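In terms of this note's numbering, the sequence shown has 978 at position 230, counting the first letter as 1, and numbering is strictly consecutive.
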Amino acid sequence: MSEKPDEICTRPQSVRVFPEPSTLPIYPAAVYECQSTGQADQLLGGEIEGFVYQRDGHPNATVLGEMCRRLHGGDGSAVAFGQVTSTGMSALALALAAVLETGQHVVISHQMYGRSTRLVVEEFGRWGLSCTEVDMTDLDAIRAAMTSSTRMLMVETIANPLLDVVDLPAIAEIARQNKATFLVDNTFATPMLTRPLDLGADLVMESMSKILNGHGDLMMGLLCGREQYRDRVRDGVSSWGMTASPFDCWLATRGIATAHLRVERACENAMQLANWLAGQPGVQQVHYPGLASHPTHQNACRILGGRLFGNMISLELRGGREAADRFISNLQRVRFCPSLGEIATTISHPRSTSHRGLKPEKAREMGITDGLIRVSCGIESFDTIGEDFENAFSAMD
Ligand SMILES: *Cc1c(COP(=O)(O)O)cnc(C)c1O
């Protein structure tokens, strides 16, 4: 008896793949077939490992999350889970939602990624959370900001955009003494430079949209942490709908495969470019934690391992906004793309992009001037980048 077309069309035959493929397949299935009510019950209750519904978990997220967990310390370390999410912001929102209750207080860095500050102050503010912003390089200021209702301390390992490296172990100690969860945004550093959970953090978040995936072709976030947060985080991803898609996870698994090489190359380029920029007459100041002149160079040597100092540089051009515009249009290869961590070197202008919402006096106080340019070094050869910068400076006068 021949099958009817609708039977053929709606139920493709599954195929047993033998031998195993050498790379990870993509599993886009929204739902998996259960064998019995008992099995469904056990799968959904977490008594047996497996998948039922994509929003709760899928093989591509499991594989990627496990790679990230191992990058942040793996077995025998403080890291109990690696959860990937749809964006970096959803990983941060998940961390806050998993830990905090209405009426509690959060202490955050005064130099944070703009959206992160807005998430805490504006969004969670509406849910009854209060917040104090402090300079995280000033330990006394952090201590003074802690109150009896402070339940979270939140910093970036390398702060945006002046690239201050904070003393993670010292801040972890303040959090511990105050029974506050210590959350670190490690996006600029990556686990290749430092693993905050080894230094006393409770939760670590990273935007994988940046250098970790590194190819500028997806949005994703990562949240790693200690055992006590595992269940809340896993349930939160599904309840808040923050799951990353199988295709994006699969792409990121490809991206991460070369992250150790890319990070190394990009950091070496940054060190060389920072040294070169420091000798340019058109540059008033170079902010790079690898330079001895950077105010947090000592922290950077201790926290980042003393060899690589990140791929981000900020430089202050003489001549303000006008000089910034001329410089941007003089560059031929290096493009003005207000993000970071791409294959190619890119630049941004914080005052008109990430920090455009700041009031003029606050921007001045933070050192975010109209002439400030932020460079994200890529993995070209240094000569390619250096030549473009050299030409751009020559065309300034
Ligand atoms: C990009 C970024 C984020 C947000 O990540 P998305 O993937 O863009 O949502 C958070 N923190 C830092 C430091 C970032 O650079």
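By construction, the Cβ of each residue, glycine as well, lies at the ideal position given by its N, Cα and C atoms.
Keep in mind that this is a model prediction, so the values were computed, not measured.
Handout entry: Own chain partners of L916 with C-beta closer than 7 Å, once the 5 adjacent residues on each side are dropped
Key = These residues qualify, in order along the chain: T905, V932, P944, L947, G948, A949, I1051.
Practice task
Compute the Euclidean distance between the alpha carbons of R974 and T935, then round it to the nearest angstrom.
Solution key: Roughly 18 Å between the two C-alpha positions.
Problem - DSSP-derived helix/strand/coil call for Y780 - result: Here Y780 sits in coil by DSSP.
Handout entry: F1141 and Q1028 closer than 8 Å at C-beta
Key = For the 8 Å CB-CB criterion, F1141 and Q1028 form a contact.
Exercise for the section: Quick one: using the 10 Å Cβ neighbour count with 16 as the cut-off for buried, is W875 buried or exposed? Expected result: Exposed is the call here.
Problem - Coarse secondary structure for H1045, derived from DSSP in three states - result: In the structure shown, H1045 sits in a helix (DSSP, three-state: H, G or I).
Problem - Inter-residue Cα distance where the pair is A1007 and I1095 - result: For A1007 and I1095, the distance between alpha carbons rounds to 21 Å.
Practice task
Answer with buried or exposed for R764, where buried requires no fewer than 16 other C-beta atoms within 10 angstroms of its C-beta.
Solution key: Per the 10 Å Cβ criterion, exposed.
Practice task
Please go through the same chain and pick out, in chain order, the residues whose beta-carbon is closer than 7 Å to the beta-carbon of L792, but skip the five residues on each side of it.
Solution key: Excluding positions up to five away in sequence, the list reads V800.
Problem - Exposure label - T850; buried when at least 16 CB within 10 Å - result: That one is exposed.
Practice task
Measure the alpha-carbon distance for E1016 versus L1056 and round it to whole angstroms.
Solution key: For the pair E1016 and L1056, the Cα-to-Cα distance works out to about 7 Å.
Handout entry: Beta-bridge partners of F1084, as assigned by DSSP
Key = Note: F1084 sits in a beta bridge opposite I1095.
Problem - Closest Cα partner of C743 within the set T835, Q787, A788 - result: It is not possible to answer for residue 743, since the shown part of the chain is limited to 749 through 1145.
Practice task
Confirm the yes/no value for this check: CB of M1114, any heavy atom of ligand 1, distance under 7 Å.
Solution key: Outside the cutoff, so no.
Exercise for the section: Run the proximity test for D933: is its beta-carbon closer than 7 Å to any non-hydrogen atom belonging to ligand 2? Expected result: In the structure on display, ligand 2 does not appear, and the ligands it does have are ligand 1.
Exercise for the section: Compute every distance between the C-beta of N1059 and the non-hydrogen atoms of ligand 1, then say whether any falls below 7 Å. Expected result: No, the beta carbon of N1059 sits no closer than 7 Å to any heavy atom of ligand 1.
Problem - Stretch pair the stretch 1106 to 1114 + the stretch 1030 to 1046: three plus CB contacts closer than 8 Å - result: No: fewer than three Cβ pairs fall under 8 Å.
Problem - Run of the alpha helix (DSSP H) containing I1076, from where it starts to where it stops - result: Annotation: the continuous alpha helix (DSSP H) that includes I1076 extends over 1068 to 1078.
Exercise for the section: May I ask you to check if the CB of F872 is nearer than 7 Å to at least one heavy atom of ligand 1? Expected result: Remark: the C-beta of F872 is outside contact range of ligand 1, defined as less than 7 Å to any heavy atom.
Handout entry: Whole-Å CB distance - Q1020 paired with E1064, under 8 Å assumed
Key = That pair is no contact at about 19 Å.
Problem - Simplified DSSP state of S750, which is helix, strand or coil - result: Correct three-state label for S750: coil.
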